[in-house]
Amino acid sequence: MSRHSDQTIASLRLGAQLAQSYLQQIHSRHVAPKPEALTELRALDCELPMNPTAPTETLSLLDRAGNPATVATTGGRFFGLVVGGSLPATVGSRVLNAAWDQLATTQDTSPVALQLERTSARWLLELLRLPARSSVGYVTGTTMGNFTCLAAARQRQLHKLDWDVEQHGLFGAPPLRIVASEEIHVTVTKVVSMLGLGKRNIISVETDSNGAMRLDKLPQLGPDCIVLTQAGNVNSGAIDPIGAIAERAHSADAWVHVDGAFGLWARVSPDHNGLTQGIEMADSWVTDAHKWLNTPYDCGVAICRHPSAVHSAMSTVAPYFTADTDVAPKDMVPELSRSARAMDVWAALHSLGTIGVQDLIKTGCRHAKLAAQGLQSMGFEILNDVILNQVVVSSPTQPHRLNELAESVRRSGEAWFGVTHWKQRDAFRLSFSSWATTDDDVARLLAAIRHAAQELELI
Ligand SMILES: Cc1ncc(COP(=O)(O)O)c(C=O)c1O
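Start counting the sequence shown at 4; every next residue gets the next number (my numbering).
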């Protein structure tokens, strides 16, 4: 055995051992790191060693100083932002992925990466019931998924106006109108500016009390329009009436994009798919695997009904790449070199099966309802219609003190959630997105909130 493989195997063994003990105590540890753990991080901030260090020594230091300062997002009691954990099969697939270190660029660089991309693309389109011929690109997350799809939208809509944006850029181009829900996620707005479309050119459409776009407020649309909708408002979980919007948009030759970072997964649950009726009529969709599908970071999926538009926007041609008969991943996403991200999606879907994915979504929604009922009975006010996995909570008497409440719960180590602002109200927000969350975790969350609220005299 070569010295190289000796070291790699010793490192792999130690890594697996350290990861195992981390995951074995994830349910008993503080969700937020203790203050002393932050001080210990100084050990990582050493001088760059002049000489090599044994890989196992490097790993030991990483674990000793780094592990206590992790936030237990992969445990069952992290309810902040919209964060999933890592399914068992995906923790293993990530290790294999590192060992294989595949370049998911072309068929030549990694036949297995391409097979996994193609198969998981087919599975995703079946599960999400989206058009079978759509392109599916694997990106770092919904932000880059939105970038990919909106670059395609920009290409196609400008092409309809006789403008080749890839060749001529936006200088002198006919203006596009970006029609978006007033509740669109901040990262979509960022993408609008990254693509040179201009945040100030967004025509904002009013939403209803739950944050879904109001159809009656949609402006007159045309081929100069890209309509930005969402499935799953980051606060309330609201889903825009996308089928009806798409009908209006398509009769005017406009493009409809869906930011479904987490809400697109409602499609897979028979109990919730009524919420997403007609969503398949849109032109492009984005979702995160690292949110509700519970793959490790970072993995988003950009899906588009018009593969040729994505290809025009993303193709990377060089004489040292052989031309594949099928379009290569390098020509469908912004990155050239990237990991075999689809491996985690494949592992998640294969290990869960259709029933497992449905249960995952149904359980998150059930936990959200359970938490909302518990909080209401404590005297809190639920500000949203709890249709998915998100709960927005306020205090009828002391809303300005909810940050203190969130901090107190974090200090207790029992749970983690953050505050937000919803429809002009101060609130805190809970998201139930992790496969690891049990009914007992929800009970512990509620007990921690009750305890902190009593201490702060909020209830
Ligand atoms: C609705 C929505 N869109 C976009 C994003 C951004 O996703 P990412 O952080 O994966 O880029 C999020 C993240 O929470 C989201 O909830």
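Yeah, the Cβ is synthetic: ideal placement off N, Cα and C, and Gly gets one too.
Pairing Glu185 with Thr145 gives a Cβ-Cβ distance that is not under 9 Å. In this structure, Gln160 places its C-beta atom within 9 Å of the C-beta atom of Ala257.
Ligand 1 has no heavy atom closer than 8 Å to the beta-carbon of Thr298.
Gly240 and Leu131 have their C-alpha atoms some 17 Å from each other.
Not one heavy atom of ligand 1 sits closer than 8 Å to the Cβ of Thr151. Leaving aside the five residues that flank Ala252 on each side, the residues in its chain whose CB is nearer than 8 Å to its CB run, in chain order, Leu224, Cys228, Val230, Trp258, Val259. Short note on Val320: C-beta not closer than 8 Å to any heavy atom of ligand 1.
The beta carbon of Thr61 sits no closer than 8 Å to any heavy atom of ligand 1.
Every residue whose Cβ sits closer than 5 Å to any heavy atom of ligand 1 is listed here in chain order: Val85, Gly144, Thr145, Thr146, His188, Thr190, Val237, Asp262, Ala264, Asp291. Contact holds between the segment 377-388 and the segment 415-431, because three or more Cβ pairs, one in each stretch, are under 8 Å apart. In terms of Cβ geometry, Pro402 and Asp362 do not form a close pair [threshold 9 Å]. At the C-beta level, Glu169 and Ser311 stay beyond 9 Å of one another.
Distance from the CA atom of Gln110 to the CA atom of Arg125, rounded to whole angstroms, is 17 Å. Proximity to Glu120 across Leu449, Pro58, Asp442, Ala343 peaks at Ala343, based on C-alpha coordinates. Under the Cβ criterion (8 Å, minimum of three pairs), the segment 184-204 does not count as touching the segment 345-354. Within the model, the alpha-carbon separation for Leu106 versus Ala345 is close to 12 Å.
Under the three-state reduction of DSSP, His188 is assigned to coil, being neither helix nor strand. The shortest CA-to-CA distance from Glu60 to any of His33, Ser89, Gly95, Ala13 is the one to Ala13. Less than 9 Å separates the beta-carbon of Val336 from that of Tyr141.
Linking Gly79 to Lys365 through their CA atoms gives a straight-line distance of about 16 Å.
Classified as exposed, Lys220 has fewer than 16 neighbouring CB atoms from the shown chains inside 10 Å of its CB.
Taking Val74 as the centre and dropping the five residues before and after it, the same chain places the C-beta of Val34, Ala35, Pro36, Phe81, Trp419 closer than 8 Å to its C-beta, in chain order. Membership of Arg432 in the beta strand (DSSP E) is indicated by the continuous run 428-434. For Val195 against Asp262, the beta-carbon gap comes to about 12 Å, at or over 8 Å, which does not count as contact. Your pair Gly367 and Ser436 checks out as a contact, with CB atoms roughly 6 Å apart and the cut at 8 Å.
Residue pairing from DSSP places Trp419 in a beta bridge opposite Phe81.
With contacts defined as CB atoms closer than 9 Å, Glu250 and Met216 fail to qualify as a contacting pair.
Taking the Cα of Asn238 as reference, the smallest distance to any Cα among His30, Ser397, Gln23, Ala156 is reached at Ser397. Note on geometry: alpha-carbon atoms of Asn54 and Leu267 lie some 50 Å from one another. Burial check for Ala234: the Cβ neighbour count within 10 Å reaches 16 or more, so the residue is buried. Rounded to the nearest angstrom, the gap between the Cα atoms of Asn392 and Ala116 is 32 Å. In the DSSP assignment, the residues bridged to Trp288 are Val261, Ile306. A direct Cα-to-Cα measurement between Asp165 and Gly87 gives close to 43 Å.
Assignment of beta-bridge partners to Tyr141 by DSSP yields Val304.
Measuring C-alpha to C-alpha distances from Pro177 to each of Ala183, Asn204, Glu417, Met197 identifies Asn204 as the nearest. The beta-bridge partner set that DSSP reports for Gln280 is empty.
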